[in-house]
Amino acid sequence: AWALDHRAKAGAALNRLGRSLRRQSRHEDAERLLSAGRALFAEAGDLAGVAASVDDLGQVALLRGALEVAVERFREALDARRAAGDDRGVALSLTNIGRAMREAGDPEGAEAAFEEAAAIRRRIDDTAGQVDTALALAELRLSIGRLEAATEAAERALALARDIASTRQMAG
153 AWALDHRAKA
163 GAALNRLGRS
173 LRRQSRHEDA
183 ERLLSAGRAL
193 FAEAGDLAGV
203 AASVDDLGQV
213 ALLRGALEVA
223 VERFREALDA
233 RRAAGDDRGV
243 ALSLTNIGRA
253 MREAGDPEGA
263 EAAFEEAAAI
273 RRRIDDTAGQ
283 VDTALALAEL
293 RLSIGRLEAA
303 TEAAERALAL
313 ARDIASTRQM
323 AG
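Quick note on my numbering: the sequence shown kicks off at 153 and runs consecutively.
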């Protein structure tokens, strides 16, 4: 158990370094560290860590313009998050898949992924996530000329954002 715990901790450290390198546009170095982190998480049996590593690898692929690889990585993260029972993570992975599919020129696939993410976020009452997904849907629908549907999604995002703001005002 001790060795598995240390593998997961080492995987987390490699992921943090990999994300930092990704933000610095050092994509090859980021990919190398994130892949090593994924391997350590897999050895430790840490599905959440595997999902995080693979998700970050998808982000690197997206930044490099390797859209098919990005979708593949995001689907791998989705599978790990589903296996872990992480609904919030499943919604995040679906949103990432949608963004990659949008970039790859597959608006129907993107919309389906965004819609599934939105349904999960409503079910788990993730209001901030709902805002993100509604904005992604609005942007997608606007880009394919569905102005009315884009407007509806944008209005939903605005209403949800107002709900968040009013909740914060009442709490503060």
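Virtual Cβ for every residue (Gly too), placed ideally from N, Cα, C.
Residue ranges of each alpha helix (DSSP H) within the segment 261-311, 4 or longer: Entirely contained in the segment 261-311, the alpha helix (DSSP H) runs reaching 4 residues are, in chain order, 279-295.
Residue 228 classed as buried or exposed, judged by whether at least 16 other C-beta atoms fall within 10 angstroms: The count along the sequence shown starts at 1 and reaches residue 228 at position 76. By the neighbour-count rule (16 or more Cβ atoms within 10 Å), residue 228 is buried.
Of the residues 291, 219, 182 and 163, the one placed nearest residue 193, counting alpha carbons only: In the sequence shown, the residue the question calls residue 193 occupies position 41. Of the listed residues, the one whose Cα sits closest to residue 193 is 163.
Nearest-angstrom beta carbon gap, residue 242 and residue 234 [assumed within contact, 8 Å]: Translated into positions along the sequence shown, residue 234 becomes position 82. Translated into positions along the sequence shown, residue 242 becomes position 90. Between residue 234 and residue 242, the beta carbon gap of about 6 Å places them in contact (Cβ cut-off 8 Å).
Closer than 7 Å: residue 264 CB and nearest the ligand FAD heavy atom: Here there are no bound small molecules, and the ligand FAD is not part of this structure.
Unbroken stretches of the alpha helix (DSSP H), 4 residues or longer, contained in the segment 189-251: Listed in chain order, the complete alpha helix (DSSP H) runs (minimum 4 residues) inside the segment 189-251 are 199-216 and 219-236.
Backbone CA spacing between residue 313 and residue 171 [nearest angstrom]: Within the sequence shown, residue 313 is the residue found at index 161, counting from 1. Within the sequence shown, residue 171 is the residue found at index 19, counting from 1. As the crow flies, the alpha-carbon of residue 313 is around 28 Å from that of residue 171.
Residue 169 versus residue 323: straight-line alpha-carbon distance, rounded: What you label residue 169 is simply residue 17 of the sequence shown in a count that begins at 1. What you label residue 323 is simply residue 171 of the sequence shown in a count that begins at 1. For residue 169 and residue 323, the distance between alpha carbons rounds to 36 Å.
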